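To keep things clear, I will list the structure first and then write my remarks on it.
Number of protein chains: 2
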Amino acid sequence: MDDILQVVEERREVYLDWLVQLCQQPSIAAQNVGMAETAHLVERLLAGIGASARQIPTAGYPVVYGEVGGTGDKTLSFYNHYDVQPPEPLEEWHSDPFTPTVREGVFYARGVADNKGNLVARLAAVDAYLRARGSLPVNVKFIFEGEEEIGSPHLAGFAEQHQDLIRADGCIWEAGYCDVEGHREVYLGLKGILYVELTARQANVDLHSMWAAIVPSAAWHLLRALGTLKDDQDRVLIPGFYDDVLPPSAADLEALAHMPFDEDARRQQLGLRAFINGLTGPALREKYVFQPTCNICGIESGYTGEGLKTVLPHQARCKLDFRLVPNQNPHKLFEQLQTYLAEQGFADIEVRLSAALHPARTATDHPFAQLVIRGVREIYGHEPVVYPLIPGSGPMYDLCQRYGIPAVSVGVGNANSRNHAPNENIRLDDFYQGIAHLIFILEQFDTLP
Amino acid sequence: MDDILQVVEERREVYLDWLVQLCQQPSIAAQNVGMAETAHLVERLLAGIGASARQIPTAGYPVVYGEVGGTGDKTLSFYNHYDVQPPEPLEEWHSDPFTPTVREGVFYARGVADNKGNLVARLAAVDAYLRARGSLPVNVKFIFEGEEEIGSPHLAGFAEQHQDLIRADGCIWEAGYCDVEGHREVYLGLKGILYVELTARQANVDLHSMWAAIVPSAAWHLLRALGTLKDDQDRVLIPGFYDDVLPPSAADLEALAHMPFDEDARRQQLGLRAFINGLTGPALREKYVFQPTCNICGIESGYTGEGLKTVLPHQARCKLDFRLVPNQNPHKLFEQLQTYLAEQGFADIEVRLSAALHPARTATDHPFAQLVIRGVREIYGHEPVVYPLIPGSGPMYDLCQRYGIPAVSVGVGNANSRNHAPNENIRLDDFYQGIAHLIFILEQFDTLP
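Chains A and B, in that order, are what the protein sequence lines are.
Residues 72 to 520 (this note's numbering) are what the first sequence spells out, left to right.
Residues 72 to 520 (this note's numbering) are what the second sequence spells out, left to right.
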């Protein structure tokens, strides 16, 4: 593949220019800033590498979709997003978030790590391959959505309606980083999430607290309901909650053991006496990565301002998120939660579903995962850090696992890329090495069983 | 006492003018509006009836104190306050809150029911007595504080420093009302209160909720702590909590039975399926009046705004109030609460004392209580509604019971007096009848054993 890398070398400034073009175009989905312009620009860049490119409407911002046919039967897809987080707080940026600036080999701009640097790297890899060889050995599909930063509300529906367009034998997911020592990270899955809001109501109005002797309290009622959800060892008590949890494989545990995680440093940094249940070592890592959660994101009832107010609250609200692991199903859990609360005497508590994403993962020993890992060894010259599952969530299941498509996430970020924060950045060396890594994957993909 | 009532009749306009003067003078303690002017006016009114009058400084607003000597040995004291609640929301008043206005026999002004109408009625009763008879049969003390609406922060200290000034054989407490059918109410005590704020902390910063698998949550920690305080039958689990609770006497239960309380109407008005534990009838009344509470006034942790935020809160706060019955001690309970939480594994939760007031009461069959009740029969011509204990709280213990002084609360308000609300009012008939009732008490007081 040296011939292809030679083209990358010759076109360094071109690919950098694509990145500058894309990063100087704001595309803030949450604020509806520049979305149409950016979708158009991405479509133009796709067409520029010879892809059939088009915008596919959704109920929100369009998906920009592209295809390049290959000589083989296999299909590799790339999932990225062209929207970015809002740039605020502006005063903390050392250069304007939408005026891309390179300082000491580091490229600063809102969205460059999450996710425009990766989007351009994928265009560049295909461009260089086509210029060096005239054709790709595999079919390539580009799926660039515009709503990732607002929770991908229409991606599942898009995938369902366009199953022919998303069908692939493997998907390179949006992004990746390296650890503080420079080791490239590879992510093989994401936790799912069920986010619900519970509302308890009793009387129809807040009362003077003298009534607390005889009028039921919404706050106590909600607390009692929440008290039935977990035991004091952090174990969720909803019947069936753990039934679908897949235990980690031997390969998973091996990957966990190599995950860099300085637990003492992290504990001290957070000011904690201990982690949950006093866990340390492998048990701590396993719970972090492979166990689901039941977390209170927020709870509120009654008077919470300064000073005294003697009030009996008539309403109490709580936001809960459950992080789910394969093969838990957020919709099944939502029903189990409602049934359980009703059985425990809390049928009157309203349970509203706010968000549900399935967990998703590709086995550590899957040939596609192993190909990406081998690519890190070849291109970066070191062993990657493999995360069988990362504890965050995303729409990977809706686009990939639901249709049997293995997905692996890797990209051009670094340990200090500052996603969602001021001075977001990537290192240019990582950008070009990432392109080379993608070229390796393109070249080897049709050798997979 | 017809000769004295004759004087009241002759001086109706004078007493009404005193009320107008006092009500047109704003005295909003919470906003430091007109406090010095009002203290001076009250001192002048006291001097005007021949009392030795002076202002006694406290760390806050002064106590206006007055004495009128009597021919007998006994001493009767009057506790009132010259401060009022803020008048807001102004747009809901039908006439200016500090421009006293009489419409159809009802006097409207901020503070007229709570507590200026009662303060003036007590001045008027003594004035009429002195004018008719030349002297009082008992010594009278007036204790008019200026901080009741902000929680009487300096009254306990004032009483402790001036025990000679507050010493009395009985105290007529600040206020009273009638029920919707016009029956005068007599209150023989108040619940105490312990108000605390609990704060649980875990990590030193809020975290992404993916950390919930291994990082302890302040919200769950606080909820578990609160879960140890009460069982699901509303019984407080702090050891010793009920040890000092006095069971109601036969006279108390008799008074309870006559307390007008339409439980079905009240339940429906509040939109409740049932009261706590499904209680009805005498058991419901007894719990309302004679049982202590443990109430969540407010609880807050994490993200409580609209929409989704996936956060693991590092801090959780809760405001609790315990309403206490005789002879529970709020300071003792504060220590019991801290000890209990520590024993249950929550020593790290901060427990801050916000307010503590002892419960206070005078026995239903106490001669002083019976005198006030007899006065209602004589003056109003009907049986009063006697509350052995009202479920609210106030500084009665600090001024009276602590020094062995029986206290009874009665006054000139009505069932729709709108304390603390727009269009606060008293009926003028109640004002003059209240004066007559006080004259009856003055005349009979030295007949007590």
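Heads up, the beta-carbon is just placed ideally off N, CA and C, and yes, glycines get one too.
Keep in mind that this is a model prediction, so the values were computed, not measured.
Cutoff 7 Å; reference residue i; Cβ partners in own chain excluding five residues on either side
| i | result |
| --- | --- |
| B/Tyr374 | Lys380, Val382 |
| A/Gln234 | Tyr474 |
| B/Glu216 | Val134, His152, Ser223, Leu226 |
| B/Glu162 | none |
| A/Asp315 | Asn398, Gln399, Asn400 |
Contacts that residue i makes with chain B (C-beta to C-beta distance below 8 Å)
| i | result |
| --- | --- |
| A/Pro384 | Ile367, Cys368, Gly369 |
| A/Gly39 | Residue 39 of chain A cannot be examined here, being either before or after the span of chain A that is shown, 72 to 520. |
| A/Lys301 | Trp291 |
| A/Thr375 | Gly369, Ile370, Glu371, Arg388, Lys390 |
| A/Gln339 | Going along chain B, no residue has its Cβ under 8 Å from A/Gln339, so there is no contact; the nearest lies around 10 Å. |
Cross-chain neighbours of residue i in chain B, by beta carbon under 7 Å
| i | result |
| --- | --- |
| A/Ser372 | Ile367, Gly369, Ile370 |
| A/Leu93 | Per Cβ cutoff of 7 Å: no residues; A/Leu93 is ~27 Å from chain B at best. |
| A/Tyr359 | Ala284, Ile285 |
| A/Asp392 | Ser280, Thr381 |
| A/Arg83 | Residues of chain B passing the Cβ test: none, with the nearest at roughly 36 Å. |
| A/Leu112 | Simply none; closest approach about 29 Å. |
| A/Thr351 | What A/Thr351 touches in chain B: nothing, since even the nearest Cβ is about 10 Å away. |
Neighbour list for residue i in chain B, Cβ cutoff strictly below 9 Å
| i | result |
| --- | --- |
| A/Trp244 | Ordered by position in chain B, no residue passes the 9 Å Cβ test against A/Trp244, which lies about 17 Å from the chain. |
Proximal residues of chain A, C-beta to C-beta of residue i below 9 Å
| i | result |
| --- | --- |
| B/Gly524 | The structure shown does not extend to residue 524 of chain B, since chain B spans only 72 to 520, so no value can be given for it. |
| B/Gln362 | Ala284, Ile285 |
Amino acids of chain A, ordered along the chain, whose beta-carbon sits closer than 8 Å to that of residue i
| i | result |
| --- | --- |
| B/Phe346 | Ile285, Val286, Pro287 |
| B/Tyr266 | Leu379, Thr381 |
Collapsed DSSP secondary structure at residue i in the structure displayed
| i | result |
| --- | --- |
| B/Glu334 | helix |
| B/Phe312 | coil |
| B/Lys301 | strand |
| B/Ile237 | helix |
| A/Ala448 | Contrary to the premise, residue 448 of chain A reads as Arg rather than Ala in this sequence. Correct three-state label for A/Arg448: helix. |
| B/Tyr258 | strand |
| A/Gly263 | strand |
| A/Gln386 | strand |
| B/Ala478 | strand |
| B/Lys279 | According to the sequence provided, residue 279 of chain B is His. The question's Lys does not apply to it. Three-state DSSP puts B/His279 in a strand. |
| B/Tyr248 | coil |
| B/Glu406 | helix |
Close Cβ partners of residue i (< 6 Å) along its chain, the five nearest in sequence each way excluded
| i | result |
| --- | --- |
| A/Ala124 | Glu114, Leu117, Ala118, Gly137 |
| B/Gly465 | Leu261 |
| B/Gly143 | Pro208, Val209, Asp517 |
| A/Arg489 | Glu495 |
| B/Gln515 | Leu442 |
| B/Pro455 | Arg255, Val257, Ile444, Val447 |
| B/His491 | Gln156 |
Residues that residue i contacts on chain A, provided the C-beta gap is smaller than 7 Å
| i | result |
| --- | --- |
| B/Ser425 | Leu379 |
| B/Gln232 | Per Cβ cutoff of 7 Å: no residues; B/Gln232 is ~25 Å from chain A at best. |
| B/Leu297 | Leu294 |
| B/Arg355 | Position check: residue 355 of chain B holds Leu in this sequence, whereas Arg was assumed. Going along chain A in sequence order, the residues near B/Leu355 (Cβ under 7 Å) are Ile285. |
Assumed close pair residue i, residue j - CB separation to whole angstroms, cut-off 8 Å
| i | j | result |
| --- | --- | --- |
| B/Asn496 | B/Phe178 | 6 Å |
| B/Leu519 | B/Gly260 | The pair is not a contact, with the Cβ atoms about 19 Å apart (cut-off 8 Å). |
| B/Ile476 | B/Gly241 | 7 Å |
| A/Ala426 | A/Ile264 | 6 Å |
| B/Arg204 | B/Ile75 | 7 Å |
| A/Gln399 | A/Ala431 | Their Cβ separation, rounded to whole angstroms, is 11 Å, which puts A/Gln399 and A/Ala431 out of contact at 8 Å. |
| B/Leu343 | A/Val286 | 7 Å |
| A/Gln386 | A/Arg272 | 5 Å |
| A/Leu147 | A/Val211 | 6 Å |
Neighbourhood of residue i by C-beta distance below 8 Å, restricted to the same chain and skipping five residues each side
| i | result |
| --- | --- |
| A/Thr351 | Glu334 |
| A/Asn366 | Leu391, Asp392, Phe393, Arg394 |
| A/Leu499 | Leu87, Val173, Gly176, Val177, Phe178 |
| B/Val104 | Pro97, Ser98 |
### Task
For the region 409-434 of chain B, list the beta strand (DSSP E) runs that are entirely contained and at least 3 residues long, ordered along the chain.
421-428
### Query
Mind pulling the alpha helix (DSSP H) runs of 4 or more residues that sit fully within the region 344-383 of chain B?
352-361
### Query
What are the start and end residues of each continuous alpha helix (DSSP H) run of 4 or more residues lying completely inside the region 152-213 of chain B, in chain order?
188-204
### Complete alpha helix (DSSP H) runs within the region 81-153 of chain A (minimum length 4 residues, chain order)
83-94, 106-119
### Message
Quick check on the DSSP output: what are the complete alpha helix (DSSP H) runs of length 4 or more inside the region 490-516 of chain A, in order along the chain?
### Response
499-515
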